[in-house]
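K.L.:
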Amino acid sequence: MLRLSLSNILIFIAILLSLVTFFGQNQLTFYLTFLKADIANGFLSFSSFEKTYFIDYEFWRLISPIFIHFSVAHLAFNSLWVYILGTRIENLEGFKKLILLIIFSGSLSNFAESAASGAVIFGGLSGCVYGLLGYCYIKEFIQKRFSFGMPPAIYIFMIVWLALGYLDILNLFGFGKIANTAHLTGLICGILFALIKK
Numbered sequence: 001m002l003r004l005s006l007s008n009i010l011i012f013i014a015i016l017l018s019l020v021t022f023f024g025q026n027q028l029t030f031y032l033t034f035l036k037a038d039i040a041n042g043f044l045s046f047s048s049f050e051k052t053y054f055i056d057y058e059f060w061r062l063i064s065p066i067f068i069h070f071s072v073a074h075l076a077f078n079s080l081w082v083y084i085l086g087t088r089i090e091n092l093e094g095f096k097k098l099i100l101l102i103i104f105s106g107s108l109s110n111f112a113e114s115a116a117s118g119a120v121i122f123g124g125l126s127g128c129v130y131g132l133l134g135y136c137y138i139k140e141f142i143q144k145r146f147s148f149g150m151p152p153a154i155y156i157f158m159i160v161w162l163a164l165g166y167l168d169i170l171n172l173f174g175f176g177k178i179a180n181t182a183h184l185t186g187l188i189c190g191i192l193f194a195l196i197k198k
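If you read the sequence shown in the UniProt record's numbering, its first letter stands for residue 1, the second for the next number, and so on.
1) Give the secondary structure of Leu6 by DSSP, where H, G and I count as helix, E and B as strand, and everything else as coil.
2) Residues bridged to Asp38 by DSSP?
3) Is the Cβ-Cβ distance between Leu6 and Phe95 less than 7 Å?
4) Could you pull out every unbroken beta strand (DSSP E) segment of at least 3 residues lying fully inside the segment 43-114, listed in chain order?
5) Compare the Cα-Cα distances from Leu16 to each of Glu58, Gly42 and Leu75 and report the closest residue.
6) Taking the C-alpha atoms as reference points, what is the distance between Leu101 and Ile9?
7) Measure the alpha-carbon distance for Phe43 versus Phe49 and round it to whole angstroms.
8) Checking 7 Å against the spacing of the C-beta atoms, do Phe34 and Asn110 come in under that value?
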C-alpha cells in the first residue's frame, strides 16, 4: 500500500496539474506561472513581479511553477527523483525538514529562473530535485557516512546533467529548453540548507 508521504503528495499534485493543464498547453497553466499571465488580442502577456505579488498578492506563484511539467518524460524524471531523494530525507529527518527544503529551494529557484529568463513560462520540480540532491550530498559529506544511501555515481551523473544543460547539448537530443538557472539555484539552496540546518 502506498504510504501518504510528502514526496507522494508532491508527485500526485504534479501529475494532477500536468493532466489538468495538458502539460502546460492550455490556459489553466496561467494560474500556476511565476508571473501572472494572460492572453490579450492573441498575444501572451505577463504582469510585472511587483503587480503579481505586491498588488494582486498572488503569493502561491512563488512555488506553483514546480507543479508545471511539459511532457510525460519531464514529469516522470522529476517524480522519480523526488520519490528517491525526498522519501529518504523524510524518513531520516522528518516531514518538517523536507517541506521547508522544498519551499526554500522551489521558491528561490523559481525566482532566479524568472530573473534570468524574463517573462516566460517555465516549470518543473527539477529545482527542488537539485535542492534535495545538494542537501543529501552536503549532509553526507559533513557526517562522513552515506546516511541517505546515495551512490557517488548519482551525484556525478546529476552534476554532469546540470553541465550539459548549460552547454545546450540536451536541447540537441530533444529535451527542449532547460531551466538551467533553476537547477543551479536549487543545488545551491540545498547546500545552504544543509549547512544552516546541520
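Every residue gets a Cβ at the ideal spot worked out from N, C-alpha and C, and that includes glycine.
P.N.:
The short version:
1) helix
2) Note: Asp38 sits in a beta bridge opposite Ser45.
3) Yes; because the gap between Cβ atoms is below 7 Å, this pair is in contact.
4) 43-46
5) Nearest neighbour of Leu16 by Cα position, chosen from Glu58, Gly42 and Leu75, turns out to be Leu75.
6) Leu101 and Ile9 have their C-alpha atoms some 15 Å from each other.
7) The C-alpha of Phe43 lies about 19 Å from the C-alpha of Phe49.
8) yes
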